[in-house]
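Undergrad:
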Amino acid sequence: MVVSMIQLRIELPPLESIKEKRRIVSSLKEKLAQKFRLSVAEVDLLDSLRYAQIGAALVSNSRRFGESVMHKALALVERTVEGRLEDAEIFSETY
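One point on numbering: in our numbering, the residue at position 82 of the sequence shown is 82, and numbering is uninterrupted.
Encoded structure:
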């Protein structure tokens, strides 16, 4: 069993409230979950108005397949995110 993961840190545009941030983050999470069938969560920086940190995972039987899906997800984020992608890390673990 291979678990492929991606962790994203996004610098958001200037926001007035956590509610605005939740709208942006929720939209991105839904896109990733629907298009790539990933399990997605906001994993850190929950109270920050300036940054969001999102993690996603996929279970498969192939490191190559899992990481290719994560690279496609990263490309989607780069094209559609409101703000600037500051950091992204893709990795897999075999169990």
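For glycine and all other residues, C-beta sits at the position ideal for the given N, C-alpha and C.
#1: Measure the alpha-carbon distance for isoleucine 90 versus glutamate 16 and round it to whole angstroms.
#2: How about glutamine 53 and glutamate 42: do their beta carbons lie closer than 9 angstroms?
#3: With distances taken from CA atoms, which of Leu32, Thr80, Ile24 is nearest valine 69?
#4: Give a yes or no on whether the C-beta atoms belonging to arginine 22 and alanine 88 are separated by under 9 angstroms.
#5: Express the C-alpha separation of valine 2 and serine 48 in angstroms, rounding to a whole number.
TA: Reading from the atomic positions:
#1: So the two alpha carbons sit approximately 31 angstroms from each other.
#2: Yes, the Cβ-Cβ distance between glutamine 53 and glutamate 42 is below 9 angstroms.
#3: The residue from Leu32, Thr80, Ile24 with its alpha-carbon nearest to that of valine 69 is Leu32.
#4: No, they are not a contact pair.
#5: Between serine 48 and valine 2, the C-alpha separation is close to 32 angstroms.
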